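Worksheet for the structure shown next.
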Amino acid sequence: MKVAQNHLIKVLAVGFIVLILLSLPLFWTRLLCEGFIKEIMPSEYKSVRVEPCGLMPPEIENDPNVIRHSHVSAHIIHAEALPAFGIADYFAGKSPKGRPSNIYYLDTGKEGWEWIYFDEGIGQIVCRRTYTERMPDSTSMRKKGQLYAGPEGVSETPDKNLGRFASPVVGISRSYGLSRTLYDKKSRRFFTIDFHEGTVTKGPQLAKDDPRQPIQIGMLRKNHQLLDLYWSPTDVRISGVTMMMMTMEEHRSTGGHIPIRETDPDYRQEQYVLVLDESGRIDLLDRETLAFAGTAGHLPTPESFFPSRQRTTPRDLLAYRVLPLALQTDHKYRGMFVASVGREGTGLALAVFNEKGELIRKNYTRPTTGRRGKQTPSSKAVFFDVPWGPVLTITKYLLENLHPPVLSVVSYFTADSFEAASGHRALFLLPNSFVAMKGRSTFGNSAERFMYALLLILPSFILTIWLAYRLSKNAATVGLPRNTRLYWVIGTIAFGLPAYITYRLTRPRITLVTCSNCGKQRRTDMDKCHRCGSKWDVPELTPPAWRVLDGVE
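The sequence shown begins at 7 in this note's numbering and counts up one residue at a time.
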C-alpha cells in the first residue's frame with residue numbers, strides 16, 4: 007500500500023513538473039505570436055478620431071472662418087512588453103506618483119524636496135520637506151520638516167488624535183501641489199488635505215445603500231504608456247492669422263495645432279474632480295463640498311473578436327485614459343473624452359461625454375478592408391486582413407490547442423475573472439485565447455456559446471483522444487491493471503500532452519518476453535500471461551535411464 011502511495015505521489019509530482027516545462031515554451035511562443043500580430047497592425051487599426059469633438063461652443067465651431075475643426079484622437083502604442091509581464095506595475099509601485107505607489111507627490115526643486123506618502127503603520131498621510139532658511143547673519147541653513155494628516159486634522163507629530171485612514175484612495179494630480187483629495191474606504195467619505203494651510207476638509211459620508219466603490223481620483227488612467235489621448239482645439243483664421251479660438255488671446259499660431267493632454271494646467275477645470283468607480287462609471291465630485299455632483303460618463307467598451315454587450319469595468323481594459331475639458335476663458339467643466347483599449351490590445355474605443363454626462367460622440371477602430379470597402383472592427387481585421395495575419399492567427403490557434411483541454415475549458419468559464427493586464431502573463435489558464443474570447447461574448451444562449459467553445463478546441467480533443475488510444479494500447483502491453491489504465495486514459499483526455507509525457511516517464515520498467523501460447527509480449531514477473539492468462543510452459547525434467555560413471559563398473 008505504501009509503495010502504491012509513493013508511486014502516486016511520484017506521478018503527480020512528475021506531472022506537475024511536465025506541465026510547467028511544457029507550458030513555458032508554449033507561453034513564450036504564444037506571446038511572440040501575439041506580439042507579432044500587434045506589430046503588423048497598420049496605423050489605421052490603432053488610431054481613432056472624432057471630429058468635431060462636440061464640446062466646443064457652437065459659435066466657435068460653426069464660425070465661417072474655421073480652417074480646422076476641433077478633434078480628439080486616441081492611438082494605441084504597442085510597447086507592451088513591460089506592462090504585460092508586470093515589471094512596469096512593480097516599478098510603478100516603487101516609484102513616486104505611480105498608480106499602485108503610496109508616494110503621491112514628489113518635487114525635487116532647487117529650493118528643497120517635498121514629498122507626500124501614506125504611512126501604513128500609523129494610518130496617516132505624511133508630508134516631508136527639506137528647505138533652505140536664510141539666517142540673520144546672511145548665511146543659509148538646510149532644515150527638515152514634516153506634517154502628519156489624519157481624518158481629524160494636521161499635526162507636526164504623528165498624534166493618535168488625528169485618527170487613521172484605512173486603505174485610502176488618493177487622487178493623483180500634477181498641478182495641485184501639497185493639496186490632495188482622497189477617499190477613505192472605512193469611513194466611506196472624501197477628504198481634502200491641504201498641507202500649506204494645515205487643514206483637513208471632511209465630506210459627507212456616503213449612504214449605506216450607495217453602491218459606489220471609488221478606485222481612482224483625479225487623473226484617471228491605466229497603463230498610459232500604451233495609449234495616447236489628446237485634443238486639438240478649433241483653428242480659425244482671422245485677418246490672415248490662424249488662431250486657436252479656444253485660447254482666445256493667449257496662444258496664436260500660424261497653422262499648426264496644439265495637442266492638449268490631461269497634464270496641461272491651462273485647460274484644467276476647477277469645479278469638479280473626476281472619480282472612477284469599480285463598475286466603470288465616472289462621477290463628478292464637487293471640490294468644495296466633497297459630495298457627488300452627478301455622473302460624468304463611463305468607460306467605453308471596445309469592440310472584441312466575439313461581440314459583447316457587457317458594461318466594461320477597469321479590470322476588463324488593458325489601458326484607458328480620461329481627458330476632461332475646460333476652456334481657458336472660464337475653466338468651466340464642459341465634458342470629457344474617454345479612450346479605452348480592450349483586453350487583447352487590438353481594439354480601441356473613444357467616447358465623448360458632455361457636461362451632463364450624456365454620450366454625444368463615439369467611435370471605434372474600424373479599418374476599411376476587402377474589395378468592397380467594408381468596415382471591420384480592428385479586433386477581427388488584425389487576424390485575417392493584414393499581411394501574415396492569417397499565418398500568425400493559425401499559429402496562435404494551434405498553440406492554444408496544444409494546451410490541456412481541461413485548462414481551456416476552465417479558461418472559458420473564468421474569462422472575466424482575470425485583470426486584463428495579468429491575462430497577458432497567465433501560464434496555465436488562457437484569458438486571451440479564442441475560447442476565452444467566446445466565454446466573454448454575450449450573444450446567444452449559454453448552451454450555444456459553450457458548444458461553440460468546444461468546437462474551437464476540437465483539435466485539442468482529437469489530439470488527446472489519439473494520445474489516450476496510444477497510452478491505453480501501451481498500458482495493456484505492459485500489463486497495467488484495468489482500473490489503472492482507465493485513470494490514465496481519463497487523465498490524458500483531460501490534460502493531453504502533459505499527461506501522456508508523464509505516463510511515458512513513470513510507466514513501469516518491465517522486461518517482456520514472447521508468450522508461447524498467444525505469441526504476444528508478456529511480463530516475466532507474473533505467473534500467468536496478462537494477455538491470455540496461460541501459465542508458463544516449462545517441460546518436465548525426467549532423468550535418463552543411463553548415466554556416466556568415472557570408473558569401470
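Heads up, the beta-carbon is just placed ideally off N, CA and C, and yes, glycines get one too.
Keep in mind it's a predicted model, so treat the numbers as computed, not measured.
Item, Value
"Which of helix, strand or coil does DSSP assign to Lys150?", "strand"
"By how many angstroms is the C-alpha of Met62 removed from the C-alpha of Ser259?", "Note on Ser259: pLDDT 34, under 50, position unreliable in the model; no value is reported."
"Quick check on the DSSP output: the alpha helix (DSSP H) that includes Ile66 runs from which residue to which?", "64-67"
"Between Met252 and the rest of its own chain, which residues show a CB-CB distance below 6 Å, the 5 nearest in sequence each way excluded?", "The predicted position of Met252 is uncertain, since its pLDDT is 43 and thus under 50; a value taken from the coordinates is nonetheless stated next. Pro239, Leu333."
"With a CB to CB cut of under 6 Å and the five nearest residues on each side skipped, what residues in its chain are close to Ser53?", "His81"
"From Glu276 to Val78, what distance separates their C-alpha atoms?", "21 Å"
"Starting from Gly429, follow the alpha helix (DSSP H) in both directions and report where the run begins and ends.", "426-429"
"Could you check which residue in Phe440, Tyr236, Ile26, Leu38 has the C-alpha nearest to that of Arg349?", "Phe440"
"Looking only at its own chain, which residues have a Cβ that is under 7 Å from the Cβ of Leu433, when we skip the five neighbours before and after it?", "Ser29, Phe33"
"Where does the unbroken beta strand (DSSP E) through Ser185 begin, and where does it stop?", "185-190"
"Based on DSSP bridge pairs, tell me the residues matched to Lys208.", "Phe197"
"Nearest to Ile366 by CA position, among Met342, Glu309, Thr382, Thr448, is which residue?", "Met342"
"Report, in whole angstroms, the separation of the C-beta atoms of Ala302 and Phe359, which I expect to be a contact under 8 Å.", "6 Å"
"For Ser49, name the three-state secondary structure that DSSP assigns.", "helix"
"Given Ala314, which residues of its chain have a CB within under 8 Å of its CB, disregarding the five upstream and five downstream residues?", "The sequence given here places Ser at residue 314; Ala does not occur at that position. Excluding positions up to five away in sequence, the list reads Thr307, Arg446, Ser447, Thr448, Phe449."
"For Val279 and Ile122, I'd like the C-alpha separation in whole angstroms.", "19 Å"
"Just confirm the distance between the C-beta atoms of Thr319 and Glu284, as a whole number of angstroms; I'd bet it's less than 8 Å.", "6 Å"
"On the DSSP bridge assignment, give the partners of Tyr342 in chain order.", "Note on identity: in this sequence residue 342 is Met, with Tyr being the wrong assignment. In DSSP, Met342 forms a bridge with Pro330, Phe359."
"Specify the secondary structure class of Leu112 as computed by DSSP and reduced to three states.", "strand"
"Short of 8 Å in beta carbon distance, which residues of its chain neighbour Pro48, apart from the five on each side in sequence? Order them along the chain.", "Pro373, Val392"
"Helix, strand or coil, according to DSSP, for Ser447 in the structure here?", "coil"
"By DSSP's criteria, Ala155 is part of a beta bridge. Which residues make up the other side?", "Ile131, Val160"
"Taking only three categories from DSSP, how would you classify Asp336?", "coil"
"Who pairs with Gln219 in a beta bridge, going by DSSP?", "Answer is none; Gln219 lacks a bridge partner."
"Does the beta-carbon of Thr371 have 16 or more other beta-carbons within 10 angstroms, so that it is buried, or is it exposed?", "buried"
"Rounding to the nearest angstrom, what Cα-Cα distance links Arg513 and Trp472 in this structure?", "18 Å"
"If you run the structure through DSSP and keep just helix, strand and coil, what is Ser238?", "strand"
"Quick one: residues in its chain with C-beta nearer than 8 Å to the C-beta of Phe298, no 5 flanking neighbours on either side, listed in chain order?", "Arg218, Val281, Asp289, Leu290, Leu291, Asp292"
"Can you tell me the Cα-Cα spacing of Ser346 and Leu235, whole angstroms?", "10 Å"
"Going by DSSP, name the residue or residues bridged to Ser79.", "Arg55, Tyr236"
"Would you list the residues sitting across from Ala325 in a DSSP beta bridge?", "Val347"
"Please report how far the alpha carbon of Leu398 lies from the alpha carbon of Leu14, in whole angstroms.", "40 Å"
"Quick one: is Trp237 buried, meaning 16 or more other Cβ sit within 10 Å of its Cβ, or exposed?", "buried"
"According to DSSP, simplified to helix, strand and coil, what is Ile15?", "helix"
"In terms of alpha-carbon separation, which member of Ile221, Gly224, Leu226, Arg194 lies closest to Gln211?", "Arg194"
"Alpha helix (DSSP H) containing Leu280: first to last residue?", "Taken as a continuous stretch (DSSP letters only), Leu280 belongs to no alpha helix (DSSP H), being part of the beta strand (DSSP E) at 278-283."
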